[in-house]
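Have a look at the structure below, then the notes.
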Amino acid sequence: MTAHDRTGLVPTDQEVAHRLAIAEVLAVHSRGLDRNDAELIKSAYWPEAEVDYGGFKGKAHDFAALIGPALSAYELTQHLLGQTVIVLEGSTATTETYVRARHLLCGAQEEIDFSGRYLDSFELRNGQWKMIHRQVVMDWSRRAGVVDERESNAFAALSKGRFDGEDPSSYLKL
Numbered sequence: 010m011t012a013h014d015r016t017g018l019v020p021t022d023q024e025v026a027h028r029l030a031i032a033e034v035l036a037v038h039s040r041g042l043d044r045n046d047a048e049l050i051k052s053a054y055w056p057e058a059e060v061d062y063g064g065f066k067g068k069a070h071d072f073a074a075l076i077g078p079a080l081s082a083y084e085l086t087q088h089l090l091g092q093t094v095i096v097l098e099g100s101t102a103t104t105e106t107y108v109r110a111r112h113l114l115c116g117a118q119e120e121i122d123f124s125g126r127y128l129d130s131f132e133l134r135n136g137q138w139k140m141i142h143r144q145v146v147m148d149w150s151r152r153a154g155v156v157d158e159r160e161s162n163a164f165a166a167l168s169k170g171r172f173d174g175e176d177p178s179s180y181l182k183l
């Protein structure tokens, strides 16, 4: 059955559970990027997994160790996931997830706004889904000036996001 044939079919409870588990892996990976947490990023991949991030092609766990220093040029990042198409095939799955990755450069004077897609392959082992391969596809990107409003009267009292373990969300035990 092709994806066209499956569109709109009511999934079984088991298929829903698998889709939720895969969606959680995708969300945890993005959180790992945005909190600069290499161990959280690694938790989304099987140990032998490979990634293709353009400038880095290789072992996913090596990527996770390198991404912290690579992201140090930014004050904050946000990896916002859009729709995800998930194709389940037994103990494997493939996905296409739209991503908008926003990067606030240190000094908060400019941001880089990346729009693209993650093409991921997953494997199910012992009841756990993890990625075995990721390819990042760039659709477009732009760089723009920023007017930093974080300390303006309207926003001064709000908690502020951080790129480390001191972020207000650090109470989450992931």
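Residues 10 to 183 in my numbering are what the sequence shown lists, from first letter to last.
For every residue, glycine included, the Cβ atom is placed at its ideal position computed from N, Cα and C.
Per DSSP, the beta bridge partners of residue 129 are 104, 143.
As the crow flies, the alpha-carbon of residue 136 is around 9 Å from that of residue 27. In its chain, beyond the 5 residues on either side, no residue has a beta carbon closer than 6 Å to the beta carbon of residue 181. Straight through space, the alpha carbons of residue 131 and residue 25 are spaced by roughly 16 Å. In this structure, the beta-carbon distance from residue 92 to residue 111 does not fall below 8 Å. Per DSSP, reduced to three states, the secondary structure at residue 119 is strand.
In the DSSP assignment, residue 51 falls within the unbroken alpha helix (DSSP H) covering 47 to 51. The continuous stretches of beta strand (DSSP E) do not include residue 156, and DSSP gives it neither H nor E. As computed with DSSP, residue 93 is found in a beta bridge with 106. The C-alpha of residue 73 is placed about 7 Å away from the C-alpha of residue 48.
The beta carbons of residue 113 and residue 83 sit closer together than 8 Å. Comparing alpha carbon positions, the residue from 117, 61, 146 closest to residue 126 is 146.
Cβ neighbours of residue 140 within its own chain (closer than 6 Å, five residues either side excluded): 53, 54, 58, 129, 131. According to the DSSP assignment, residue 58 belongs to the beta strand (DSSP E) that extends over 54 to 61.
Taking the CA atoms as reference points, residue 22 sits about 37 Å from residue 173.
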